[in-house]
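Visitor: What follows is a single structure, and I will ask about it in a moment.
Protein chains: 2
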Amino acid sequence: MTLEILPVAGLPEFVAGDVVAEALVVAARPEPGLQEGDVVVVTSKIVSKAEGRVVVLDGTTTAERLVADESVRVLRRRGDLVVSETRHGFVCANAGVDRSNVAEGSAVLLPIDPDRSARRIRDGLRARLGVELAVIVSDTFGRPWRRGLTDVALGCAGLGPILDLRGTVDVSGRLLSATEVAVADELAAAADLVMGKASGIGAAVVRGVDHGWLREGSVGRELVRHSSEDLFR
Amino acid sequence: MTLEILPVAGLPEFVAGDVVAEALVVAARPEPGLQEGDVVVVTSKIVSKAEGRVVVLDGTTTAERLVADESVRVLRRRGDLVVSETRHGFVCANAGVDRSNVAEGSAVLLPIDPDRSARRIRDGLRARLGVELAVIVSDTFGRPWRRGLTDVALGCAGLGPILDLRGTVDVSGRLLSATEVAVADELAAAADLVMGKASGIGAAVVRGVDHGWLREGSVGRELVRHSSEDLFR
Chain A
-19 MTLEILPVAG LPEFVAGDVV AEALVVAARP EPGLQEGDVV VVTSKIVSKA EGRVVVLDGT
41 TTAERLVADE SVRVLRRRGD LVVSETRHGF VCANAGVDRS NVAEGSAVLL PIDPDRSARR
101 IRDGLRARLG VELAVIVSDT FGRPWRRGLT DVALGCAGLG PILDLRGTVD VSGRLLSATE
161 VAVADELAAA ADLVMGKASG IGAAVVRGVD HGWLREGSVG RELVRHSSED LFR
Chain B
-19 MTLEILPVAG LPEFVAGDVV AEALVVAARP EPGLQEGDVV VVTSKIVSKA EGRVVVLDGT
41 TTAERLVADE SVRVLRRRGD LVVSETRHGF VCANAGVDRS NVAEGSAVLL PIDPDRSARR
101 IRDGLRARLG VELAVIVSDT FGRPWRRGLT DVALGCAGLG PILDLRGTVD VSGRLLSATE
161 VAVADELAAA ADLVMGKASG IGAAVVRGVD HGWLREGSVG RELVRHSSED LFR
């Protein structure tokens, strides 16, 4: 299996009501195109703007207020940084409230239901192109233990976010005991390599994935670890 | 920038003393080849075996004993699972002691100095092929908050593991406040997409990365977060 990671250049600035699938079709034509079996990774920033999740900040609606509203549980605070759990179950900095790549004096919130956002984009691509592909809505999160940020999947459609290898055997014939690969996160990370925060490329195509990965799936139900299962909450 | 992720098939089973660079050159010929600017990702399992980090288990040398020996600090325990900090500063399950893909009754330990391992492989490839490329030694780790495992970088050579975008501006001209991208981890994750735990492919090539990423770098010094900076230790 060989993969290609292809940037989708030329996407417009999105505003509330824009149809992300339509913009992707236009921007991806002719290169890299959108083909049967492709995984299309779209940053949540685009999705949030198209879904109207942009808030103008003022004396009442401060960034701090938004972070509190978007959080169901604060895990840590240090200076301006809040690490909290969102109502989706994501644990991230500032509950995903982000002031970069948005008009001065505004902030972008995470999509309300990123799996649903991904399904809507996937359905829109299918309707326009007549092909079956997968969609991931991604964002950039920090993590404990390691410096730097990596992109992860917030939502998906047409993709199983976890590849379950438990019960398969390794090359020595030993049963693999605990190998569930978070392919949706690995695909989001791979896509980020061609996007880049500064270049303004907000979508990429991963071409050549194993067809067995393409099934109905949900980040919220499969990839998010419930706090009751988490050793660090 | 378009990336290709290419598996290196046909690597042998490694034993202590094997020269990983030599085996990579042979297995990668003619496809996918090894070219100037490629990032070669090699699983730590291969590196550990070649470096003799395989231990035969018996009544005294148990897996539990090895996990304790390899840990400098235990963070959590649940059943058989220990989440601990290794002397490298990695936080992972069972201190990286792994019984899969190794002979029955044996366990593989992490390389002693994965950055040094990566440099040795890089130097070996350069000597044999006369090209400059980067090497990542990768492993599969779990993480808090999210289910499933992803591959991360344990060591690197010829690559800056963190891409520092702080001080650059976004497309709106706003200064990006805190964006350090862990490209080494994203490259390891991308490579894992073509490797697969069960198929026995232990190396992959990422072709087409930004030349600006190719500099001297160290996972240990740049990507590992010291416990004093970590909100969760």
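Quick note, the sequences are listed as chains A and B, same order. As numbered in this note's numbering, residues -19 to 213 make up the first sequence, in order. As numbered in this note's numbering, residues -19 to 213 make up the second sequence, in order. Beta carbons are placed, not taken as given, at the ideal position from N, Cα and C, and that holds for glycine. In this text the structure is predicted, and so the values were computed from the model without any measurement.
(1) Name, please, each residue of chain B whose Cβ falls closer than 9 Å to the Cβ of asparagine 74(A).
(2) Would phenylalanine 212(B) count as contacting chain A if we go by Cβ distances under 8 Å?
(3) Can you pull the chain A neighbours of threonine 23(B), defined as C-beta to C-beta under 8 Å?
(4) Could you check where the alpha helix (DSSP H) with proline 94(B) kicks off and where it finishes?
(5) According to DSSP, simplified to helix, strand and coil, what is alanine 183(A)?
(6) Which residues in the same chain have their Cβ closer than 6 Å to the Cβ of valine 36(A), if we skip the five residues on either side of it in sequence?
(7) Taking DSSP's pairing of strands, which residues face valine 161(A) in a bridge?
(8) Quick check on this structure: which residue in Ala73(B), Gly180(B), Arg79(B) and Thr66(B) has the alpha carbon closest to the alpha carbon of aspartate 93(B)?
(9) What separation, rounded to the nearest whole angstrom, lies between the Cα atoms of phenylalanine 214(B) and glutamate 84(B)?
(10) Might you give, ordered along the chain, the residues of its own chain that have their beta carbon closer than 6 Å to the beta carbon of valine 174(A), omitting 5 neighbours on each side?
(11) Answer with yes or no whether the minimum CB distance from alanine 170(B) to chain A is below 8 Å.
(12) Quick one: what does DSSP say leucine 4(B) is sitting in, helix, strand or coil?
(13) Are the CB atoms of arginine 187(B) and aspartate 18(B) within a distance shorter than 8 Å?
(14) Three or more C-beta pairs closer than 8 Å, one from the region 158 to 168 of chain A and one from the region 125 to 144 of chain A: is that the case here?
(15) Return the first residue and the last residue of the beta strand (DSSP E) that serine 86(A) is part of.
(16) Within 8 Å (strictly less), CB to CB, does threonine 66(A) reach chain B?
(17) Could you work out which residues of chain B lie near alanine 162(A), taking near to mean beta carbons separated by less than 8 Å?
(18) Does the distance from the CB of valine 71(B) to the CB of leucine 134(B) come in under 8 Å?
(19) Would you verify that the beta carbon of leucine 194(B) is, or is not, closer than 8 Å to some beta carbon of chain A?
(20) Measure the C-alpha to C-alpha separation of alanine 168(A) and valine 132(A) and round it to an integer number of angstroms.
(21) Identify the contact partners of proline -13(A) in chain B, using a Cβ-Cβ distance below 8 Å as the criterion.
(22) What are the uninterrupted segments assigned as beta strand (DSSP E) that are 3 or more residues long and contained completely in the region -8 to 51 of chain A, given in chain order?
(23) Chain A partners of glutamate 166(B), CB-CB under 8 Å?
(24) Helix, strand or coil for glutamate 202(A), going by three-state DSSP, please let me know.
(25) Our contact map puts leucine 139(A) next to alanine 107(A) with C-beta atoms below 8 Å; I'd like the distance itself, whole angstroms only.
(26) Tell me where the beta strand (DSSP E) around valine 189(A) begins and ends.
(27) Shorter than 8 Å from the beta carbon of arginine 33(B) to some beta carbon of chain A?
(28) Count the other CB atoms, across all protein chains shown, that sit within 10 Å of the CB of leucine 55(B); report buried if there are 16 or more and exposed otherwise.
Guide: In brief:
(1) Chain B residues near asparagine 74(A): none, gap ~10 Å exceeds 9 Å.
(2) yes
(3) In chain order: nothing, as chain A lies at least about 12 Å away.
(4) 94 to 109
(5) Secondary structure of alanine 183(A) (DSSP, three-state): strand.
(6) Same-chain partners within the cutoff: Ser86.
(7) Leu143(A) and Leu129(B)
(8) Thr66(B)
(9) Because residue 214(B) is not part of the residues shown, which for chain B are -19 to 213, the question remains open.
(10) So the qualifying residues of the chain are Ile(-15), Pro(-13) and Ala184.
(11) Yes, contact with chain A.
(12) helix
(13) With respect to the 8 Å criterion, aspartate 18(B) and arginine 187(B) are classified as neighbours on the basis of their beta carbons.
(14) yes
(15) 86 to 88
(16) no
(17) Arg126, Arg127, Gly128, Leu129 and Thr130
(18) no
(19) no
(20) 5 Å
(21) Met(-19) and Thr(-18)
(22) Uninterrupted beta strand (DSSP E) stretches at least 3 residues long and entirely within the region -8 to 51 of chain A occur at 19 to 23 and 34 to 36, given in chain order.
(23) Thr130, Asp131, Ala169, Ala170, Asp172 and Leu173
(24) helix
(25) Not a contact, Cβ separation roughly 18 Å.
(26) Per DSSP, valine 189(A) is not a residue of any beta strand (DSSP E), being assigned neither H nor E.
(27) no
(28) buried
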